[in-house]
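Visitor: 1 is the number of the first residue of the sequence shown in my numbering; add one for each residue after it.
Supplied in structure tokens, the structure appears directly below.
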Amino acid sequence: MSDTSVAVGVDVGGTTTRAVLFDAEHSPIASKSTPTPQGADEIIDSVAALVGQVIAEEPTPPAVVAVGVPGRVDVTNGIVGAAVNLGITESVAMSDRLRARLGVPVHLENDVNVAALGAFVYFGLDQSASLAYVNVGTGIAAGFVLGGRLLRGATGGAGEIGHIPMRPDGPPCPCGQIGCAEAVGSGRAVATDAATDGDVVAAASWAVQLCVMTLDVDLVTVGGGMTNSGDQFRLRLVDALAKSETASPMLAATGLARRVRLAPVDTPLASLGAVLAAREAVT
Numbered sequence: 001m002s003d004t005s006v007a008v009g010v011d012v013g014g015t016t017t018r019a020v021l022f023d024a025e026h027s028p029i030a031s032k033s034t035p036t037p038q039g040a041d042e043i044i045d046s047v048a049a050l051v052g053q054v055i056a057e058e059p060t061p062p063a064v065v066a067v068g069v070p071g072r073v074d075v076t077n078g079i080v081g082a083a084v085n086l087g088i089t090e091s092v093a094m095s096d097r098l099r100a101r102l103g104v105p106v107h108l109e110n111d112v113n114v115a116a117l118g119a120f121v122y123f124g125l126d127q128s129a130s131l132a133y134v135n136v137g138t139g140i141a142a143g144f145v146l147g148g149r150l151l152r153g154a155t156g157g158a159g160e161i162g163h164i165p166m167r168p169d170g171p172p173c174p175c176g177q178i179g180c181a182e183a184v185g186s187g188r189a190v191a192t193d194a195a196t197d198g199d200v201v202a203a204a205s206w207a208v209q210l211c212v213m214t215l216d217v218d219l220v221t222v223g224g225g226m227t228n229s230g231d232q233f234r235l236r237l238v239d240a241l242a243k244s245e246t247a248s249p250m251l252a253a254t255g256l257a258r259r260v261r262l263a264p265v266d267t268p269l270a271s272l273g274a275v276l277a278a279r280e281a282v283t
């Protein structure tokens with residue numbers, strides 16, 4: 001893949017799918033979005049249509065279409081599975097199917113992983129730094145960049161922290177467990193029961209603490225649709241973390257609250273990170 005070519009980054013979220021055309025300097029030059037459908041066939045149709053729209057004015061095909069998608073992703077073979085929020089339970093060869101539709105190389109990654117990579121670049125961290133990206137949207141998940149490189153895990157499932165039980169007496173989760181963070185305070189949880197709105201900050205705070213206590217990352221970026229109130233959400237989150245620190249000298253020593261940054265709402269971090277990951281995979 002030529003580094004001088006345009007590329008398309010696609011962020012398949014639980015609610016919205018966005019395709020962004022980037023120039024060789026990784027600056028966005030066109031963007032289209034649409035509600036995310038359910039089911040592998042429908043999602044592949046949607047992604048192919050969006051890519052066609054953003055490249056319609058381009059004289060040459062993009063060097064790559066890089067797709068970030070929820071679930072357990074086999075990056076080497078371009079296969080996604082266990083994307084329960086998208087109605088995908090079986091393994092789907094998404095890269096091959098999109099490549100056949102689009103006629104260009106397709107690179108597949110987990111959506112929160114690439115958002116983490118995009119945030120790492122956005123915040124200007126050096127290659128020795130570490131970052132966790134906590135996504136609080138339709139679901140809850142995390143992505144990690146350690147020493148400048150993505151942590152994908154042994155089976156492509158690193159960061160599925162939304163499916164770690166948070167409250168043993170909590171509501172059932174679509175994954176089959178009880179009281180997962182995603183069932184307690186995600187966008188889907190709020191849509192099911194508006195009274196759980198206050199639990200979103202609690203779930204985000206729990207996720208930040210989990211990332212810091214597990215990997216001691218330099219920075220935790222929090223993003224996703226449930227954080228779109230911007231500074232209001234950040235203040236509620238920082239307040240919750242500060243209260244946890246007040247109650248525990250050990251947590252106070254970690255400086256949970258000072259490590260948090262809110263992801264910029266107007267920057268397509270996941271689409272950017274997908275393109276960066278695709279270029280890195282080639283080089």
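C-beta atoms are modelled at their ideal positions from N, C-alpha and C, and glycine is treated no differently.
Keep in mind that this is a model prediction, so the values were computed, not measured.
1) Does DSSP put Thr155 in a helix, a strand or coil?
2) Can you give me the start and stop residues for the beta strand (DSSP E) that Asp11 sits inside?
3) With distance defined between alpha-carbon atoms, name the residue in His26, Val12, Gly13 and Ala30 nearest to Val20.
4) Please determine if the segment 141 to 161 and the segment 238 to 248 are in contact, where contact requires at least 3 C-beta pairs separated by less than 8 Å.
5) From the DSSP output, read off the bridge partner residues of Asn135.
6) Starting from Thr17, trace the beta strand (DSSP E) in both directions and tell me its first and last residue.
7) Would you check if there are 3 or more beta carbon pairs closer than 8 Å linking the segment 253 to 268 to the segment 113 to 122?
8) Is the beta carbon of Ala277 less than 8 Å from the beta carbon of His107?
9) Take Thr214 as the anchor and find which of Ala154, Phe144 and Gly71 has the nearest alpha-carbon.
10) Would you tell me roughly how many angstroms separate the C-alpha atoms of Leu102 and Gly185, rounded to the nearest one?
11) In terms of DSSP beta bridges, what is Thr34 paired with?
12) Which residues in the same chain have their Cβ closer than 8 Å to the Cβ of Thr15, if we skip the five residues on either side of it in sequence?
13) So is Ser130 buried or exposed if we call it buried at 16+ other beta carbons inside 10 Å?
14) Using only CA atoms, which one of Ala253, Val275 and Asn228 lies nearest to Asp266?
15) Just checking, does the segment 85 to 104 make contact with the segment 43 to 57 on the three C-beta pairs under 8 Å criterion?
16) Following the continuous alpha helix (DSSP H) through Ile44, name the residue where it begins and the one where it ends.
17) Quick check on the DSSP output: the alpha helix (DSSP H) that includes Leu125 runs from which residue to which?
18) Tell me whether Ala263 sits in a helix, a strand or coil according to DSSP, three-state version.
19) For Arg279, which option in Ser33, Val65, Val201 and Val12 has the closest C-alpha, if you only look at C-alpha atoms?
20) Compute the Euclidean distance between the alpha carbons of Asp218 and Val10, then round it to the nearest angstrom.
21) Quick test of your reading: Val222 and Val134, contact by CB under 8 Å. State the CB separation rounded to the nearest angstrom.
Guide: Taking the structure as given:
1) coil
2) Ala7 to Val12
3) Ala30
4) no
5) Ala141 and Gly223
6) Thr16 to Phe22
7) yes
8) yes
9) Phe144
10) 37 Å
11) Thr17
12) Pro35, Thr36, Gly137, Thr138, Gly187 and Gly225
13) buried
14) Asn228
15) yes
16) Ala40 to Val54
17) Note, Leu125: premise wrong, no alpha helix (DSSP H); not H, not E.
18) coil
19) Val65
20) 27 Å
21) 5 Å
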